[in-house]
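S.K.:
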Amino acid sequence: MKVIMQWTYQASKKPSADFVSDWLDAGTALVITEDLEKAGRLKEVEFKDEFDTTWTKKELKKLLTEIEEEPQDVTVFFDGGFQKDEKVAGIGVAIYYRQGKKFLRLRTNVKLEQFESNNEAEYAAFHEAVRQMDELGIHHQSCVFKGDSLVVLNQLSGEWPCMEENLNKWLDRIEAKLDKLKIIPVCKPISRKENQEADRLATLALQGKDIFSKIEIAGSKEP
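Okay, so the sequence shown: first residue is 10 according to the numbering used here, each after it adds one.
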């Protein structure tokens, strides 16, 4: 969970001054708050999250305790493959996240029929990623989405218009799902080489090889 910290600093024998931080991890913001309190210089403090909700220190500490075992720090890799002659798509998804003190990875792929283009396959992969996030209980946070499809990422972020009707339908479904889960997508285009994990999963799906796994990994290491 990310927050902006807003506080009033009271210097000795000087007028107080107001400060606003950059986006901080909520846990880090609380540590900074406690350090300022120990110094006796903190007059007032409040925290604002990515949904523009304001929290007191007490409220934020309680919230972090409640969500401690929920998935956090989510990064998603997605990719879609397409066989034009057969109109078949293969989609691959890898989701990295932290749950409590554990770092986990989910991998899955799906073979789909009656598709029209590679762009549609990429949209289907993104949609499957969001569906899996719903199953994992991921909600009310910003999540990083990485893929090599500039079309999907730029259309989803609003930088490019979406003119094709079938892609617009996928876009509407994805945006509705993200809105329901209160997930803010942070779209980061990457190269095909950097996306080889999701690409491999999509290729295996086209070959008829189903993959679904969820394992604990060492640290927060991504491919």
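Note that beta-carbon positions come from the ideal geometry of N, C-alpha and C, so glycine has one too.
Keep in mind the model is a prediction, meaning the values are calculated, not measured.
Along the chain, which unbroken stretches of the beta strand (DSSP E) at least 3 residues long are found entirely within the segment 122–147?
M.R.: Correct list: empty.
S.K.: By the three-class DSSP mapping on this structure, what secondary structure does GLU203 have?
M.R.: GLU203: coil per DSSP, three-state reduction.
S.K.: Among all the DSSP beta bridges, which residues are the ones paired with VAL54?
M.R.: Paired residue(s): TRP16.
S.K.: Let me confirm a value: ILE193 is counted as buried when at least 16 other C-beta atoms fall within 10 Å, else exposed. Which label applies?
M.R.: Exposed, by the Cβ-count rule.
S.K.: Can you list, in chain order, the residues of its chain with a C-beta nearer than 7 Å to that of GLU77? Leave out the 5 residues immediately preceding and following it.
M.R.: Closer than 7 Å at Cβ, skipping near neighbours: GLY109.
S.K.: So, using beta-carbon positions, are ALA185 and ALA130 closer together than 9 Å?
M.R.: Result no, Cβ atoms of ALA185 and ALA130 do not sit closer than 9 Å.
S.K.: What residues in its chain sit with their C-beta under 8 Å from that of LYS177, if we drop five residues either side in the sequence?
M.R.: Lys is not the amino acid found at residue 177; the sequence shown has Asn there. Cβ within range, chain order: CYS171.
S.K.: Taking the C-alpha atoms as reference points, what is the distance between GLU125 and VAL161?
M.R.: About 15 Å.
S.K.: Determine the closest residue to GLY89 out of PRO80, ALA103, GLN81, with distance taken between C-alpha atoms.
M.R.: Considering only alpha carbons, the answer is ALA103.
S.K.: Could you tell me whether the Cβ atoms of ARG182 and HIS148 are closer together than 9 Å?
M.R.: Not a contact, by the Cβ cut-off of 9 Å.
S.K.: Thinking C-alpha only, which one of GLU225, GLN150, TRP16 is nearest LYS66?
M.R.: Selected option, being the one with the closest Cα: TRP16.
S.K.: Report all residues from its chain with a CB closer than 6 Å to the CB of VAL29; omit the five preceding and five following residues, and keep chain order.
M.R.: GLN15, listed in sequence order.
S.K.: Could you tell me which residues DSSP puts in a beta bridge with PHE28?
M.R.: BP columns for PHE28 point to TRP16.
S.K.: Could you tell me whether the segment 37–55 touches the segment 82–100, where touching means 3 or more Cβ pairs closer than 8 Å?
M.R.: Contact fails: fewer than three Cβ-Cβ distances are below 8 Å.
S.K.: For the alpha helix (DSSP H) containing ILE183, name the first residue and the last one.
M.R.: Start and end: 174–190.
S.K.: Can you name the residues that DSSP bridges to TRP64?
M.R.: BP columns for TRP64 point to PHE56.
S.K.: Quick one: what's got a C-beta closer than 8 Å to LEU73's C-beta in the same chain, skipping five residues either side?
M.R.: Result list for LEU73: MET10, ALA35, GLY36, LEU39, in chain order.
S.K.: Which of helix, strand or coil does DSSP assign to LYS110?
M.R.: LYS110: coil per DSSP, three-state reduction.
S.K.: Give the DSSP-derived three-state secondary structure of GLN81 in the structure shown.
M.R.: In this structure, GLN81 counts as strand in the three-state DSSP scheme.
S.K.: Quick one: grab the DSSP three-state call for GLY156.
M.R.: Looking at GLY156 - three-state DSSP - the assignment turns out to be strand.
S.K.: Please list, in chain order, all residues of the same chain as LEU190 whose beta carbon is under 8 Å from its beta carbon, the five residues on each side excluded.
M.R.: VAL139, MET142, ASP143, ILE147, HIS148, HIS149, listed in sequence order.
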